[in-house]
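Visitor:
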Amino acid sequence: LELLLPRVAYIPLSIEHLNARRFVPQKNYEMNRLVTGPLQLLEHTYIVCDETKMNAGKLNDTGCRNLQALQQLSNEATLKYDFQYHEMEFNMDTPLLILSNHKSMIKTNYNIPLNQLYPLNEEHAGTNLKNALQELDGTKILERCRDFLLNGRYCTFTIPKTLGPLIETHFVEQRKLDPKKVDGYIMHSWLSHARLLSISHGEITLSKQTWETSVSMDLKRAERFKNFVETMPQK
1 LELLLPRVAY IPLSIEHLNA RRFVPQKNYE MNRLVTGPLQ LLEHTYIVCD
51 ETKMNAGKLN DTGCRNLQAL QQLSNEATLK YDFQYHEMEF NMDTPLLILS
101 NHKSMIKTNY NIPLNQLYPL NEEHAGTNLK NALQELDGTK ILERCRDFLL
151 NGRYCTFTIP KTLGPLIETH FVEQRKLDPK KVDGYIMHSW LSHARLLSIS
201 HGEITLSKQT WETSVSMDLK RAERFKNFVE TMPQK
């Protein structure tokens, strides 16, 4: 990801790392300065939280507060700086990617189960992938991959008013099936996915066909996650 994106921050979610220090910035009045934390990041930094590093142990107060901060960042895209006597909330544009072998400790509204289709040598998989990308570094291929990802974020895009009734009907139907989960955030994620799918095909205006394809993909993803949770061994 570091070779493909402008800024990436990696946070291993082991018990030791969570308990060691506060992730949010804290004001130190003795030194009269703000002590930085791992979550004080530049805009558009992609945060990779690695839950596969989680081990047995007990979270202390610092660890619990760090998980709460990650939860708030995931759900609300905000972070509360700790000034001891009060907290100040800041908006954060730092996408969060959580890697986990089980259902994540951090509640998210968008979950993507990965199905392994081919044998994988886990010991060398990461190294082999990184070496392959480094060989491409500086080539037009990797440069085009970066452009492709950045265009997906910044490209101008429009949704025709004629598709409004179709999108509204889908939202109403899904809300009837699951009123607790289908809310404004889910609607936003549907529109975001449809936008990215369109742009990936070189389209800057949403079409009926792309919307229906996007809806179908998301329904399959939700079904896969449901099956994943149902077959997941209990901790």
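Residue 46 in the numbering used here is what sits at position 46 of the sequence shown, and the numbering runs on without skipping anything.
Glycine included, C-beta positions come from ideal geometry on N, C-alpha and C.
No experiment lies behind these values; they were computed from the predicted model shown.
What residue from 195, 181, 197, 14 has the CA that sits closest to residue 110's CA?
Guide: Position 110 of the sequence shown holds residue 110. Among 195, 181, 197, 14, the Cα nearest to that of residue 110 belongs to 181.
Visitor: Which one or two residues does DSSP pair with residue 82 in a beta bridge?
Guide: Walking along the sequence shown from the start, residue 82 turns up at place 82. The partner list for residue 82 (beta bridge, DSSP) reads 26, 87.
Visitor: What would DSSP say about residue 155, mapped onto helix, strand or coil?
Guide: Residue numbering aside, residue 155 sits at position 155 when the sequence shown is read from its first letter. Residue 155: coil per DSSP, three-state reduction.
Visitor: What residue range is occupied by the uninterrupted beta strand (DSSP E) comprising residue 224?
Guide: Numbered from its first residue, the sequence shown carries residue 224 at position 224. First-last for residue 224: 208-231, but that is the alpha helix (DSSP H), not the beta strand (DSSP E).
Visitor: The alpha helix (DSSP H) spanning residue 15 covers which residue range?
Guide: Indexing the sequence shown from 1 puts residue 15 at position 15. Its alpha helix (DSSP H) spans residues 15-20.
Visitor: When you compare each of 100, 46, 194, 56 to residue 157 by their alpha carbons, which one comes out closest?
Guide: Here the question's residue 157 lines up with position 157 in the sequence shown. If we check each option's Cα against that of residue 157, 194 comes out closest.
Visitor: For residue 187, which residues in the same chain have their Cβ closer than 7 Å to its Cβ, ignoring the five residues on either side in sequence?
Guide: Residue 187 sits at position 187 when you count from the first residue of the sequence shown. Here the set comprises 171.
Visitor: Distance check for residue 176 and residue 83, CA to CA, integer angstroms please.
Guide: For the purposes of this step, residue 83 is identified with residue 83 of the sequence shown, where counting begins at 1. For the purposes of this step, residue 176 is identified with residue 176 of the sequence shown, where counting begins at 1. Whole-angstrom Cα-Cα distance: 44 Å.
Visitor: Could you tell me which residues DSSP pairs with residue 12 in its beta bridges?
Guide: Reading the sequence shown from its first residue, position 12 is the one you call residue 12. In DSSP, residue 12 forms a bridge with 50.
Visitor: Pull up the CB-CB distance for residue 206 and residue 198, whole angstroms please, since I reckon it's below 8 Å.
Guide: On the sequence shown, position 206 is the one that residue 206 refers to. On the sequence shown, position 198 is the one that residue 198 refers to. Contact flag correct, Cβ pair sits at about 5 Å.
Visitor: Output yes or no for whether 8 Å exceeds the beta carbon distance between residue 96 and residue 52.
Guide: In the sequence shown, the residue the question calls residue 96 occupies position 96. In the sequence shown, the residue the question calls residue 52 occupies position 52. Cβ atoms of residue 96 and residue 52: not closer than 8 Å.
Visitor: Taking the alpha carbon of residue 15 as the reference point, which residue from 228, 35, 64 has its own alpha carbon closest?
Guide: Translated into positions along the sequence shown, residue 15 becomes position 15. Per the Cα distances, 64.
Visitor: Counting along the chain, where does the beta strand (DSSP E) carrying residue 35 start and finish?
Guide: If you number the sequence shown from 1, residue 35 lands on position 35. Start and end: 33-35.
Visitor: I need the straight-line Cα distance from residue 168 to residue 189, nearest angstrom please.
Guide: For the purposes of this step, residue 168 is taken as the residue at position 168 of the sequence shown. For the purposes of this step, residue 189 is taken as the residue at position 189 of the sequence shown. Whole-angstrom Cα-Cα distance: 14 Å.
Visitor: Would you say the segment 71-79 touches the segment 126-145, given that touching needs at least three Cβ pairs under 8 Å?
Guide: The segment 71-79 vs the segment 126-145: no contact.
Visitor: Are the CB atoms of residue 141 and residue 221 within a distance shorter than 8 Å?
Guide: Residue numbering aside, residue 221 sits at position 221 when the sequence shown is read from its first letter. Residue numbering aside, residue 141 sits at position 141 when the sequence shown is read from its first letter. Contact: no.
Visitor: Would you list the one or two residues that DSSP bridges to residue 205?
Guide: As a position in the sequence shown, residue 205 is number 205, starting the count at 1. Bridge partners of residue 205: 158.
Visitor: Rounded to a whole number of angstroms, what is the C-alpha to C-alpha distance between residue 25 and residue 89?
Guide: Taking the first residue of the sequence shown as 1, we reach residue 25 at position 25. Taking the first residue of the sequence shown as 1, we reach residue 89 at position 89. Rounded to whole angstroms, residue 25 to residue 89 spans 11 Å at the Cα level.
Visitor: Suppose you measure from the CA of residue 150 to the CA of residue 143; what does that come to, to the nearest Å?
Guide: Against the sequence shown, residue 150 aligns to sequence position 150. Against the sequence shown, residue 143 aligns to sequence position 143. So the alpha carbons of these two residues sit roughly 11 Å apart.
Visitor: Please report the straight-line C-alpha distance between residue 225 and residue 20, rounded to a whole angstrom.
Guide: Against the sequence shown, residue 225 aligns to sequence position 225. Against the sequence shown, residue 20 aligns to sequence position 20. Roughly 32 Å separates the two Cα atoms.
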